[in-house]
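*Asks:* If you scroll down you'll find the structure; I have some questions about it.
There are 2 protein chains.
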Amino acid sequence: MNAVNIKQLAQQLNLSISTVSRALNDGYDINPQTKEKVLALARQLNYQPNPYASSLRRHKSKTIAVVVPEIANNFFSLAINGIQSVAREKGYHVLIYVTNESDRIEADSLQHVKSGRVDGLLISVSNKTTSDENLRDIEKQGIPIVFFDRVREEFETAKVTTDDFESGFKATEHLILQGCQRITYLMISKHLTIRNKRMNGYLHALKTYNIRPDKKWIIECVDNRDKNYTMIENVLSIKGRPDGIFASVEHLAVTSYHVCRALKLQIPKEVKIISFSNLETAPLLNPSLTTITQPAFEMGREAADILLRALTKKNFKLSNSRLVLPSVLIPRDSTRRAASAKMSE
Amino acid sequence: MNAVNIKQLAQQLNLSISTVSRALNDGYDINPQTKEKVLALARQLNYQPNPYASSLRRHKSKTIAVVVPEIANNFFSLAINGIQSVAREKGYHVLIYVTNESDRIEADSLQHVKSGRVDGLLISVSNKTTSDENLRDIEKQGIPIVFFDRVREEFETAKVTTDDFESGFKATEHLILQGCQRITYLMISKHLTIRNKRMNGYLHALKTYNIRPDKKWIIECVDNRDKNYTMIENVLSIKGRPDGIFASVEHLAVTSYHVCRALKLQIPKEVKIISFSNLETAPLLNPSLTTITQPAFEMGREAADILLRALTKKNFKLSNSRLVLPSVLIPRDSTRRAASAKMSE
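Sequence lines, in order, name chains A and B. Positions in the first sequence are counted from 1; adding 323 to them yields this note's numbering. Positions in the second sequence are counted from 1; adding 323 to them yields this note's numbering.
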């Protein structure tokens with residue numbers, strides 16, 4: 324029966340619960356003498372913080388960390404706007420870490436999250452992440468984690484994604500129905516689940532329409548735009564070049580446009596292009612870009628909403644759940660089939 | 324002679340300087356008994372922290388905060404990339420706060436910076452900032468502040484900007500030389516210095532070319548894209564509408580493109596458009612967009628470099644300096660003068 328709690332300490336000392344809690348947790352805004360008094364009584368009564376109390380303390384920081392691979396990408400900037408809109412409603416601060424697709428910066432950021440005063444974590448992993456160590460440590464500290472877009476399947480927590488397989492299928496099917504036969508897939512990292520899901524959708528569509536997949540049409544892009552330019556230029560320069568490009572992220576579509584201009588390939592007449600993209604300028608491009616548009620803002624909102632429910636509702640536990648928000652295919656001129664065009668030879 | 328310092332406290336207590344420093348500053352990773360011992364001796368000897376010692380403590384966190392008004396804007400995402408590239412070289416963490424152009428969120432973020440463990444601050448103020456209070460508090464705490472792009476002139480510290488007046492002049496002059504006579508200026512907030520500088524450049528160019536400025540051509544845009552759409556639609560719908568648009572930020576150019584499409588106004592034949600912009604897709608738009616492009620990445624790098632020098636060099640003091648990096652006018656089709664065109668009537 325020695326389980327004295329903060330409330331009892333507060334009563335005995337005639338202090339508020341919040342003051343006692345701050346004293347026990349090295350609050351920065353507390354009188355040192357008050358702190359000493361609290362610590363002395365806590366020792367005397369053998370006070371032990373329990374995980375629940377400690378989690379209460381964490382909630383005090385009212386801060387959530389958001390870790391994203393990049394921000395010069397409209398998906399992530401919109402998702403962050405969604406996250407912030409929910410955080411603001413609930414009075415939470417949002418700290419953003421940008422990993423620039425680097426495993427090392429991601430690890431540094433997560434270490435910072437671990438040692439900081441953060442109540443919860445929203446993360447979209449970098450395309451180079453291979454280790455779980457930091458995330459497991461954060462999990463052990465009782466800091467709730469919610470994944471969005473780029474998830475780690477092996478963590479038993481909430482994940483918010485879009486329908487990557489279906490979208491990969493739809494994008495590829497769209498190109499086929501517009502007359503493409505040799506569709507190149509521009510992918511990012513090998514390590515990402517979404518990469519696999521989108522690519523599996525691509526492969527499944529080819530199979531469905533009896534088109535033999537060809538390894539040389541699957542281009543593994545990197546984090547260097549010049550190198551990507553060269554790879555795309557190479558594939559578009561070979562004999563029997565692709566007549567369709569499916570870009571898995573928007574900057575690869577932008578680079579493809581530049582390559583087509585340089586090679587004087589007409590979009591959509593000679594090459595059709597579709598891309599996962601939240602580019603605000605997609606309808607204004609020349610030609611306008613057909614996109615698979617993710618509900619970026621909503622994904623951010625939903626992920627933040629789940630995390631904040633876990634932080635503020637006493638009986639809400641993060642389960643191994645998945646929320647899938649559908650992406651939308653928006654056909655525009657970059658995949659338009661010329662009225663007079665025959666099937667690609 | 325009562326100026327006891329941390330070193331003397333450490334010697335008397337037979338503790339390390341770092342332990343004493345953490346005890347005095349409510350370090351979270353210190354034994355409560357040790358802390359009590361340190362605090363007791365500090366009181367007894369009348370220890371007073373001095374700004375230099377306090378600054379040494381701060382350097383321990385190896386974290387800098389970056390406060391920006393938005394991230395769905397290529398200028399800020401590129402500037403953040405520049406900041407991170409320097410921080411990474413020096414082993415610093417970067418915490419990003421996005422204020423969404425809200426004075427309240429900015430105040431919240433700065434309060435968080437104040438109470439957090441941040442060594443230095445890089446900030447581009449929101450367009451609604453009117454109060455100095457939080458920044459002054461941060462300054463008093465000895466946390467160095469460097470402003471970039473959107474600065475507060477009244478702070479005596481380093482500021483990194485672009486040549487806003489000259490760029491405003493050049494952009495307007497370009498439109499005039501391409502034949503425009505009725506140039507509308509799409510501005511953001513009243514509160515920003517850069518707003519004034521860019522607009523003064525616009526007004527000075529009009530004067531230089533003997534064009535009477537007209538208040539109805541100066542449109543004060545807001546943080547709501549629908550409202551901006553309506554304002555731009557209104558100005559382009561009046562009789563004797565503008566033949567040139569100078570957008571002070573890129574999303575206003577994007578909105579102008581949409582309005583011109585809806586109103587079936589041809590760019591550049593009927594309306595020419597130039598914009599401050601770091602849009603990656605500017606050359607791919609239909610028509611390609613003439614831009615005043617800021618050296619965003621370099622501005623971020625320079626600002627971070629100055630801040631980190633202040634944090635790591637013992638004798639480096641932030642002075643009331645200004646670094647101005649020039650922007651570049653890149654003419655494209657949106658301001659092209661038709662070969663056969665005569666001067667606008």
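We put the beta carbon where it would ideally sit given N, CA and C, even for glycine. Note that this is a predicted model, so its numbers are computed, not measured.
Does the pairing of the segment 614 to 632 of chain B with the segment 616 to 635 of chain A give three or more beta-carbon distances under 8 Å?
*Replies:* They do not touch, by the three-pair rule.
*Asks:* For Tyr-420 (chain B), does the three-state DSSP call read helix, strand or coil?
*Replies:* Strand, per DSSP.
*Asks:* For Ser-377 (chain B), decide whether its Cβ has a neighbour in chain A, counting only Cβ atoms nearer than 8 Å.
*Replies:* The pLDDT assigned to Ser-377 (chain B) is 44, lower than 50, so where the model puts this residue is not dependable; a value taken from the coordinates is nonetheless given after this. Judged by the 8 Å Cβ criterion, Ser-377 (chain B) is not in contact with chain A.
*Asks:* Can you find a heavy atom of the ligand FAD that lies under 7 Å from the Cβ of Arg-345 (chain B)?
*Replies:* This structure lacks the ligand FAD; in fact it carries no ligand of any kind.
*Asks:* Could you tell me if Glu-573 (chain A) is buried or exposed, where buried requires 16 or more neighbouring beta carbons within 10 angstroms of its beta carbon?
*Replies:* That one is buried.
*Asks:* Just checking, does the segment 643 to 656 of chain A make contact with the segment 476 to 489 of chain A on the three C-beta pairs under 8 Å criterion?
*Replies:* Flag = yes, the segment 643 to 656 of chain A and the segment 476 to 489 of chain A touch.
*Asks:* Quick one: residues in its chain with C-beta nearer than 6 Å to the C-beta of Glu-619 (chain A), no 5 flanking neighbours on either side, listed in chain order?
*Replies:* The sequence given here places Ala at residue 619 (chain A); Glu does not occur at that position. Taken in chain order, the residues that qualify are Phe-398, Leu-401, Ala-402, Asn-601.
*Asks:* Is Tyr-370 (chain B) close to chain A, meaning its C-beta is less than 8 Å from at least one C-beta of that chain?
*Replies:* Closer than 8 Å: no.
*Asks:* For the structure I just gave you, are there three or more beta carbon pairs, one from the segment 494 to 505 of chain B and one from the segment 559 to 574 of chain B, closer than 8 Å?
*Replies:* Because the criterion of three Cβ pairs below 8 Å is met, the segment 494 to 505 of chain B and the segment 559 to 574 of chain B touch.
*Asks:* For Asp-442 (chain A), count the other beta carbons within 10 Å of its own beta carbon; 16 or more makes it buried, fewer makes it exposed. Which is it?
*Replies:* Result: buried.
*Asks:* Check distances from the C-beta atoms of the segment 563 to 580 of chain A to those of chain B and list, in chain order, the residues that come in under 9 Å.
*Replies:* Under the 9 Å Cβ criterion, the segment 563 to 580 of chain A contributes His-574, Val-577, Tyr-580.
*Asks:* Going by the CB atoms, is the gap between Lys-530 (chain A) and Gly-491 (chain A) shorter than 8 Å?
*Replies:* Against a cut-off of 8 Å, the Cβ pair of Lys-530 (chain A) and Gly-491 (chain A) comes out as no contact.
*Asks:* Under 7 Å between beta-carbons, which chain A residues line up against Ala-395 (chain B)? List them in chain order, please.
*Replies:* The contacting residues are Asn-397, Ser-400, Leu-401, Asn-404.
*Asks:* Classify Ile-461 (chain A) as helix, strand or coil using the three-state DSSP reduction.
*Replies:* Ile-461 (chain A): helix per DSSP, three-state reduction.
*Asks:* Return the residue from the list B:Lys-360, B:Ser-447, B:Ser-438 that minimises the CA-CA distance to Ile-394 (chain B).
*Replies:* The candidate whose alpha carbon is nearest that of Ile-394 (chain B) is B:Ser-447.
*Asks:* At least one CB of chain A closer than 8 Å to the CB of Glu-621 (chain B): is that the case?
*Replies:* It does not: the Cβ of Glu-621 (chain B) has no partner Cβ on chain A nearer than 8 Å.
*Asks:* Can you list, in chain order, the stretches of the alpha helix (DSSP H) that have 4 or more residues and sit fully within the segment 434 to 480 of chain B?
*Replies:* If we require 4 residues or more, the alpha helix (DSSP H) runs fully inside the segment 434 to 480 of chain B come out as 456 to 463.
*Asks:* Anything in chain A within Cβ reach of Asp-549 (chain B), meaning under 7 Å, just list it in chain order.
*Replies:* In chain order: nothing, as chain A lies at least about 14 Å away.
*Asks:* Thr-658 (chain B) touches chain A at which residues, Cβ-Cβ below 8 Å?
*Replies:* Correct list: empty, because the minimum Cβ distance to chain A is about 16 Å.
*Asks:* Can you look up Lys-520 (chain A) in the DSSP assignment and give me helix, strand or coil?
*Replies:* Residue state, collapsed to three classes: helix.
*Asks:* Anyone know if the C-beta pair for Leu-559 (chain A) and Val-582 (chain A) falls short of 8 Å?
*Replies:* Going by C-beta atoms, Leu-559 (chain A) is nearer than 8 Å to Val-582 (chain A).
*Asks:* Note down, in chain order, all residues in the segment 422 to 436 of chain A with a beta-carbon under 8 Å from any beta-carbon belonging to chain B.
*Replies:* Listed in sequence order: Asn-423, Ile-428, Asp-431, Ser-432, His-435.
*Asks:* Could you work out which residues of chain A lie near Cys-386 (chain B), taking near to mean beta carbons separated by less than 9 Å?
*Replies:* The sequence given here has Thr at residue 386 (chain B), not Cys. The contacting residues are His-435, Gly-439.
*Asks:* Count the other CB atoms, across all protein chains shown, that sit within 10 Å of the CB of Leu-500 (chain B); report buried if there are 16 or more and exposed otherwise.
*Replies:* Leu-500 (chain B) is exposed by the Cβ-count criterion.
*Asks:* Here's a check: name, in chain order, each residue in its chain whose Cβ is nearer than 7 Å to the Cβ of Thr-616 (chain A), leaving out the five neighbours to either side.
*Replies:* Cβ within range, chain order: Ser-600, Asn-601, Ser-650, Val-651, Ile-653.
*Asks:* What is the DSSP secondary structure of Phe-639 (chain A), reduced to helix, strand or coil?
*Replies:* If DSSP states are grouped into helix, strand and coil, Phe-639 (chain A) belongs with coil.
*Asks:* Is DSSP giving Glu-393 (chain B) helix, strand or coil here?
*Replies:* Note: Glu-393 (chain B) maps to coil in three-state DSSP.
*Asks:* Using a Cβ-Cβ distance cut-off of 8 Å, determine whether Glu-603 (chain B) contacts chain A.
*Replies:* By this cut-off, Glu-603 (chain B) is an interface position.
*Asks:* Rank A:Thr-452, A:Glu-603, A:Tyr-420, A:Asp-487 by C-alpha distance to the C-alpha of Arg-518 (chain A) and give the top, closest one.
*Replies:* Arg-518 (chain A) has its Cα closest to that of A:Asp-487, out of A:Thr-452, A:Glu-603, A:Tyr-420, A:Asp-487.
*Asks:* Should Ser-449 (chain B) and Asp-431 (chain B) be called a contact, given that it needs their Cβ atoms to be closer than 8 Å?
*Replies:* Contact: no.
*Asks:* Starting from Gln-407 (chain B), find everything on chain A with Cβ-Cβ shorter than 7 Å and list it in chain order.
*Replies:* In chain order: Val-421, Asn-423.
*Asks:* How about Ile-597 (chain B) and His-435 (chain B): do their beta carbons lie closer than 8 Å?
*Replies:* No, the Cβ-Cβ distance between Ile-597 (chain B) and His-435 (chain B) is not below 8 Å.
*Asks:* Per the DSSP calculation, Thr-484 (chain B) is bridged to which residue(s)?
*Replies:* DSSP, once it has assigned bridges, lists B:Val-647 as partnering Thr-484 (chain B).
*Asks:* For Ile-353 (chain B), I'd like the list of residues in its chain whose CB is within less than 8 Å of its CB, leaving aside the five on either flank, ordered along the chain.
*Replies:* Thr-342, Arg-345, Ala-346.
*Asks:* Figure out for me which residue from B:Cys-544, B:Leu-526, B:Ile-542 has the closest Cα to the Cα of Pro-536 (chain B).
*Replies:* Closest by alpha carbon: B:Leu-526.
*Asks:* Where Ala-575 (chain B) and Ala-333 (chain A) are concerned, what is the direct C-alpha to C-alpha distance, given to the nearest angstrom?
*Replies:* A quick correction: the sequence has Leu, not Ala, at residue 575 (chain B). The straight-line gap from Cα to Cα measures roughly 56 Å.
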